[in-house]
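Each remark here refers to the structure printed beneath this line.
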Amino acid sequence: MEYSEIMVRYGELSTKGRNRQAFIGRLNGNVAKTLHDFPELTIRPKRDRLHIELNGQPSQPVMDRLKMVFGIQSFSPSVAVAKDMDKVYPAVLDLMNATVPQGSTYKVMTKRSDHDFELDTNGMNLAVGDYLDDKRPDLVVKMKQPEYTLRVEVRREAIYLSTETILGAGGLPVGTAGHAAMMLSGGIDSPVAAYLALKRGVDIEMVHFFSPPYTSENALNKAKELTAKLTPYGGRIDFIAVPFAHIQEEIKAKVPEGYLMTVQRRLMLRLTEAIAKQRGDLAIFNGESVGQVASQTLASMAAINDVTTMPIVRPVATMDKVEIIAEAEKIDTYELSIMPFEDCCTIFAPPSPKTQPKIDKARYYETKIDVEGLMAEAMAGLQITSIRPGDEFMKQDEDIIAELL
Ligand code: ATP
Ligand code: MG
571 MEYSEIMVRY
581 GELSTKGRNR
591 QAFIGRLNGN
601 VAKTLHDFPE
611 LTIRPKRDRL
621 HIELNGQPSQ
631 PVMDRLKMVF
641 GIQSFSPSVA
651 VAKDMDKVYP
661 AVLDLMNATV
671 PQGSTYKVMT
681 KRSDHDFELD
691 TNGMNLAVGD
701 YLDDKRPDLV
711 VKMKQPEYTL
721 RVEVRREAIY
731 LSTETILGAG
741 GLPVGTAGHA
751 AMMLSGGIDS
761 PVAAYLALKR
771 GVDIEMVHFF
781 SPPYTSENAL
791 NKAKELTAKL
801 TPYGGRIDFI
811 AVPFAHIQEE
821 IKAKVPEGYL
831 MTVQRRLMLR
841 LTEAIAKQRG
851 DLAIFNGESV
861 GQVASQTLAS
871 MAAINDVTTM
881 PIVRPVATMD
891 KVEIIAEAEK
901 IDTYELSIMP
911 FEDCCTIFAP
921 PSPKTQPKID
931 KARYYETKID
941 VEGLMAEAMA
951 GLQITSIRPG
961 DEFMKQDEDI
971 IAELL
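Under our numbering, the first residue of the sequence shown is numbered 571, with each subsequent residue one higher.
Spelled out as structure tokens, the structure:
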């Protein structure tokens with residue numbers, strides 16, 4: 571038995587009356603981007619459902635991707651049959667035999683949008699029920715909470731049958747909440763923060779600071795790979811690598827050790843804001859968690875946040891490490907995050923950063939470096955990669971092993 575389409579039910583968006591069209595349009599685009607490497611598919615967005623016609627493509631790999639797309643409440647792999655009961659019966663039996671084990675409880679539930687069809691919903695329920703009673707006497711009809719529901723949808727073009735409903739990822743379609751810049755390190759926290767931003771419909775681009783020759787190609791690829799892991803939730807994500815080594819060298823040479831970290835973070839935030847403004851983003855997201863490390867005390871956040879008035883959203887701010895790790899495992903970024911390729915902050919981290927930096931002092935020490943000149947230089951060196959589901963960046967096993975040894 572081969573499924574002919576996957577029927578997708580919309581999530582939270584169905585409650586948003588006026589914006590419905592925009593939501594459906596966005597979800598349709600995101601599904602198309604997520605499934606970009608399945609050229610056989612035809613995607614048809616309708617008012618109450620999205621139909622993905624498989625055209626011979628096996629359903630499982632498509633469903634694996636769909637499970638991750640935000641804005642989907644649930645979906646069902648379905649079989650399309652011509653509107654002729656002589657065709658419907660054998661198709662019902664095939665589907666039930668393939669998906670419903672011996673002795674299960676079930677019911678038939680018909681929905682009809684084509685009111686010209688010979689049977690109404692009741693008539694269809696009875697006809698199919700009688701037929702199954704005959705061919706599958708092992709099954710038990712149960713109206714309340716059966717193990718299986720055979721859904722029969724009579725539409726203008728065909729009749730659709732399904733027995734399975736798979737839960738979607740929920741959330742809002744990525745893009746319906748606007749655009750933001752996400753500060754992505756190679757650590758555990760920021761990929762989780764990025765996931766949570768995507769879940770609320772925020773279309774993010776990744777801003778990643780790297781410091782060759784102090785940081786390796788592997789460290790950069792790890793951040794790209796983390797980005798690739800997050801693309802199935804909404805589609806494509808732009809990854810913006812910002813060269814940060816010269817800035818760090820300058821800061822190290824001219825700023826007292828206690829303020830190295832604060833001034834570095836201020837420069838990161840200044841650059842992220844500049845990128846965000848250039849690209850029309852309305853907010854910045856990061857993976858800070860209150861009190862986790864020296865740079866994340868409230869005093870520290872205040873001294874860093876001082877450089878911008880743009881909203882900074884911190885999705886994991888109040889989660890503790892155990893909770894963040896559990897989430898990272900769930901979205902499968904944890905294993906990548908703990909690979910020991912040092913990022914720019916680890917390498918220039920002072921042994922004892924101030925946990926209670928003063929805003930005035932941070933401002934003063936920052937004047938010791940040429941902020942504008944250094945920022946212009948970094949902005950001129952941005953490297954932008956558009957990352958899509960299925961892209962891979964950590965393939966050169968030999969390089970990875972060499973660095974780990
Ligand atoms: P993470 O696990 O996300 O790295 P962390 O607990 O290690 O977080 P920090 O290293 O202090 O915390 O970083 C705090 C936040 O600053 C990160 O979550 C991220 O949003 C941002 N950040 C840190 N390093 C980088 C980087 N190299 N590029 C982009 N953003 C960064
Ligand atoms: Mg980190």
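For each residue, glycine too, the CB sits at the ideal point set by N, CA and C.
Q | Proximity to Pro-631 [Cα-Cα], best of Leu-611, Thr-675 and Phe-687 | A | A check of alpha carbon separations from Pro-631 across Leu-611, Thr-675 and Phe-687 identifies Leu-611 as the nearest.
Q | Anticipated Cβ contact below 8 Å, Gly-771 with Phe-645, distance rounded | A | Contact doesn't hold; Cβ gap of about 19 Å is too wide.
Q.
Looking at the secondary structure, which residues open and close the beta strand (DSSP E) in which Met-524 lies?
A. Look at the range of the chain in this structure, 571 to 975, and you will see that residue 524 is not part of it.
Q: Return the residue from the list Arg-706, Leu-696 and Asp-686 that minimises the CA-CA distance to Asp-664.
A: Here the closest residue by C-alpha is Arg-706.
Q: State yes or no: is the C-beta of Met-753 within less than 9 Å of the C-beta of Ile-854?
A: If you check the CB distance, Met-753 and Ile-854 come in under 9 Å.
Q: To the nearest angstrom, report how far apart His-749 and Ser-732 are at their CA atoms.
A: When only Cα atoms are considered, His-749 and Ser-732 end up about 37 Å apart.
Q: Could you check what DSSP says for Ile-874 in three-state terms: helix, strand or coil?
A: When DSSP states are grouped into helix, strand and coil, Ile-874 belongs to the helix group.
**Q.** Cβ contact check for the region 784-798 and the region 879-888: 3 or more pairs under 8 Å
**A.** Judged by Cβ distances under 8 Å, the region 784-798 makes no contact with the region 879-888, as fewer than three pairs qualify.
(Q) Which complete alpha helix (DSSP H) runs does the region 576-619 hold, if anything under 4 residues is left out? (A) Complete alpha helix (DSSP H) runs here, min 4: 590-604.
Q | Closest by C-alpha distance to Arg-849, when choosing among Lys-653, Glu-775 and Ile-821 | A | Of the listed residues, the one whose Cα sits closest to Arg-849 is Glu-775.
Q: Could you tell me if the beta carbon of Leu-868 falls within a distance shorter than 8 Å of some heavy atom in ligand 1?
A: No, since every heavy atom of ligand 1 falls outside the 8 Å radius drawn around the Cβ of Leu-868.
Q | Continuous alpha helix (DSSP H) assignments of at least 4 residues falling wholly in the region 696-740 | A | DSSP runs (the alpha helix (DSSP H)) wholly in the region 696-740: none.
Q: Out of Ser-870, Lys-924 and Lys-603, point me to the one whose CA is closest to Glu-550's CA.
A: Examination of residue 550 is not possible in this model, given that the chain is present from 571 through 975 alone.
Q. Would you call Gln-672 buried or exposed, if buried means 16 or more other Cβ atoms sit within 10 Å of its Cβ?
A. Flag for Gln-672 reads exposed.
Q) What do you get for Arg-617, buried or exposed, if any count of 16 or more other CB atoms within 10 angstroms of its CB means buried? A) Exposed.
Q. Quick one: what does DSSP say His-977 is sitting in, helix, strand or coil?
A. This structure cannot speak to residue 977, because the chain is shown only from 571 to 975.
Q) Does the region 733-747 come close enough to the region 863-880 to have 3 or more Cβ pairs within less than 8 Å? A) With the cut-off at 8 Å, the region 733-747 and the region 863-880 do not touch.
Q | Own chain partners of Val-833 with C-beta closer than 7 Å, once the 5 adjacent residues on each side are dropped | A | Residues Ile-821, Val-825, Ala-932, Tyr-935 and Glu-936 of the same chain have their beta carbon placed closer than 7 Å to that of Val-833, with the five preceding and five following residues left out of the count.
Q) Would you call Ser-648 buried or exposed, if buried means 16 or more other Cβ atoms sit within 10 Å of its Cβ? A) With a 10 Å radius around the Cβ and a threshold of 16 neighbouring Cβ atoms, Ser-648 comes out buried.
Q: Please state whether DSSP places Val-825 in a helix, a strand or coil.
A: The answer is coil: DSSP assigns Val-825 none of H, G, I, E or B.
Q: Identify every residue that forms a DSSP beta bridge with Pro-647.
A: Looking at the DSSP assignment, Pro-647 forms a beta bridge with Ile-576.
Q) Roughly how many angstroms lie between the CA atoms of Glu-947 and Ala-811, to the nearest whole one? A) In a straight line, the C-alpha of Glu-947 is about 13 Å away from that of Ala-811.
Q | Contacts around Lys-938, its chain only, beta-carbon distance under 8 Å, and the 5 residues preceding and following it disregarded | A | In the same chain as Lys-938, and ignoring 5 residues on each side of it, the C-beta atoms closer than 8 Å to its own belong to Lys-824 and Val-825, in chain order.
Q: Assign Gln-591 to buried or exposed, taking buried as 16 or more other Cβ atoms, counted over all protein chains shown, within 10 Å of its Cβ.
A: Gln-591 comes out exposed.
Q | Closer than 8 Å: Arg-836 CB and nearest ligand 1 heavy atom | A | No, the Cβ of Arg-836 stays beyond 8 Å of every heavy atom of ligand 1.
Q | Cutoff 9 Å: Ser-644 Cβ touching any chain B Cβ | A | Absent here is chain B; the protein component of the structure consists of one chain.
Q | alpha helix (DSSP H) segment containing Val-833, residue limits | A | For Val-833, the enclosing alpha helix (DSSP H) starts and ends at 830-848.
Q) Contact between the region 674-692 and the region 713-726: three or more CB pairs below 8 Å? A) Yes: at least three Cβ pairs fall under 8 Å.
Q) Got a sec, what are the start and stop residues for the alpha helix (DSSP H) Ser-760 sits in? A) DSSP places Ser-760 inside the alpha helix (DSSP H), whose first and last residues are 759-769.
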